[in-house]
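In what follows, a structure is listed as structure tokens, so that the remarks can point back to it.
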Amino acid sequence: MVAVRAPAARPVLFTAMAVCSGATVANVYLSQPLLDLFARGLGVSPAAAGSVVTCAQFGYAAGILFLVPLGDARRRGPLLTGMLAATVVMLLVAAAAPGLGLLAAAAALACGATVVPQVLVPLAAELAPPERRASVVANIQIGLMTGIIGARVVGGVVGEAMGWRAVYLLAAVLTGLTGLVTVSLLPAEEKRDGVPYLRLLASLPGVWRREPVLRHACLMHGALFGAYNATWTTLVLVLTHDPYDYGSAKAGLFGLLGLSGAVAAPWAGRFVDRRGAAPILTAAAVLTLVAAGAYAAGRSALACMVAAILLGNLAVQWSQIANQARIFTHVPHARSRANTVYMVAAFLSGALSAALASAVYGTCGWGGVCAVQALLALAGLAVVPAVRHHDTKGT
């Protein structure tokens, strides 16, 4: 692990990291509320406009796999500077795109470069005192969650008022400013021995095989994030049909309930620092299971639906904080690569669970989707004994 000279005002740096993480992850979700504006402005169908969302998600996943491992072999300051510069350029290209093809390509490249949070989180864990590592990770998760929700809400408002191009211009400015401040506050690092890039990528399976903590985290969070995605993928179909019959805009406001996870994140981080990860992970699995029942009842009871959304968001945030804190504590020599494996596993599980939920909804309805969430919650709960055993033995 490379020696790092401590910054003079570390809390300020951690705050800047959280804000920068929120601003950059928001770029992945900018296009979601803008599909109708893309369709009208570029003269394409809404279905075709949806390709921008797909390209953005694939771009982000590719960036995690191919760029984040560099955090273990390159100085983070220059690495982040390059990623931020590429993101800003691609956002400006997207803002000026004359057609859907260039817009989708620019969105994919921007989101591939905007994996800044996945480099910042391991770096923050490295800089944080061991007794506050989970709390620092939790604070950055607040920034991430706020950025995701803010992109969906603010993006829609700005897009409606000023057009979709203004949204990308605003995103470029925010990415550039928050990135510039964050990089300027980073502590100086000694020169790192650059592992050849292909060897770095080839080492990812070995990190998975050697580290039981990483395997636990991938299985646990993969199950709970998959459960979360399963219900969110089809939730809008429930809210926009009988008995609710909400419009798309009103249904979208339910996403604001996701802030519950951000509000509770600091407490979860402090708890993990004091008591360890296993109790929080147990609670996350149990909350996911309870949420599945509340979602089922929410088919006709709004209070139950709201409760389910709140519980589900708490659970997935608690799982993220506790699992990443364990990874960064037990895999200090390869934090960026471990985070790569972990995030790819989470994205893969989320995508598969979303596809499964869509198929199940078509054949079994909302009750079937809730059953999928319950089964995934039980799968996550089954991993907890291995977590407890490993942490008790301290191996």
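As numbered in the numbering used here, residues 3 to 397 make up the sequence shown, in order. Beta carbons: idealized from backbone N, C-alpha and C, even for Gly. Everything numeric in this text was worked out from a predicted model, so none of it was measured.
- When C-alpha distances from leucine 316 are compared across Gly165, Asp247, Ala293, the shortest belongs to Ala293.
- Proximity of the segment 341 to 356 to the segment 278 to 289 falls short of the contact definition, fewer than three beta-carbon pairs being nearer than 8 Å.
- If you draw a straight line from the Cα of leucine 200 to the Cα of phenylalanine 68, it comes to about 10 Å.
- Shortest Cα-Cα distance from lysine 395 to any of Met222, Ser338, Val215, Leu259 involves Val215.
- Judged by their CB atoms, alanine 75 and glycine 208 are not nearer to each other than the 8 Å cut-off.
- The residues Met19, Ser23, in chain order, have a CB closer than 6 Å to that of leucine 122 in the same chain once the five nearest residues on each side in sequence are set aside.
- Ranking Val175, Leu15, Leu102, Val274 by CA distance to the CA of valine 91 puts Val175 first.
- Between the segment 128 to 140 and the segment 329 to 343 there are three or more inter-stretch CB-CB distances shorter than 8 Å, so the stretches are counted as touching.
- In the structure shown, the three-state DSSP call for glutamate 133 is helix.
- Taking all protein chains shown into account, threonine 236 has 16 or more neighbouring C-beta atoms within 10 Å of its C-beta and is therefore buried.
- Taking the Cα positions, proline 100 is about 24 Å away from leucine 86.
- Within the segment 326 to 395, the complete alpha helix (DSSP H) runs of at least 4 residues fall at 337 to 395.
- The shortest CA-to-CA distance from methionine 147 to any of Val30, Arg78, Asp244 is the one to Val30.
- Shown here, tyrosine 248 sits in coil according to DSSP, grouped into three states, outside any helix or strand.
- Glycine 263 is classed as buried because its beta carbon has at least 16 other beta carbons within 10 Å across all chains shown.
- For phenylalanine 227, the enclosing alpha helix (DSSP H) begins and ends at 214 to 241.
- The straight-line gap separating the alpha-carbon atoms of alanine 324 and alanine 279 is approximately 5 Å.
- Assignment of valine 118 by DSSP, reduced to helix, strand and coil, places it in the helix class.
- Remark: fewer than three beta-carbon pairs, one from each stretch, lie closer than 8 Å, so the segment 371 to 384 and the segment 259 to 273 are not flagged as touching.
- For arginine 42, the uninterrupted alpha helix (DSSP H) run begins and ends at 37 to 44, by DSSP.
- The residue among Gly157, Leu15, Ala379 with its C-alpha nearest the C-alpha of alanine 190 is Leu15.
- The continuous alpha helix (DSSP H) containing phenylalanine 16 extends over residues 12 to 31.
- Between leucine 221 and valine 385, the alpha-carbon positions lie close to 7 Å from each other.
- In the same chain as glutamine 34, and ignoring 5 residues on each side of it, the C-beta atoms closer than 7 Å to its own belong to Val55, Arg154, in chain order.
- Exclusion of the five residues before and after leucine 94 leaves Ala174 as the residues of its chain whose Cβ lies within less than 7 Å of its Cβ.
- A Cβ-Cβ distance of about 20 Å is found for the pair valine 308 and leucine 226, leaving them out of contact under the 8 Å criterion.
- Contact annotation: alanine 25 and alanine 41 have beta-carbon atoms that are not nearer than 8 Å.
- Ranked by Cα distance from valine 139, the options Pro124, His335, Leu206 are led by Pro124.
- Counting other Cβ atoms within 10 Å of its Cβ, threonine 365 stays below 16 and is therefore classed as exposed.
- Distances from the CA of tyrosine 230 to each of Ala356, His243, Gly165 were compared; the closest alpha carbon is that of Ala356.
- The Cβ neighbour count for proline 71, taken over all protein chains shown within 10 Å, is at least 16; the residue is labelled buried.
- Approximately 4 Å separates the beta-carbon atoms of alanine 115 and alanine 88; this is inside 8 Å, confirming the contact.
- In this structure, isoleucine 66 lies away from valine 118, with their beta-carbon atoms at least 8 Å apart.
- For threonine 83, the closest alpha carbon among the candidates Leu188, Leu32, Trp210 is that of Leu188.
- The beta carbons of serine 302 and proline 245 sit about 6 Å from each other, so the pair counts as a contact at 8 Å.
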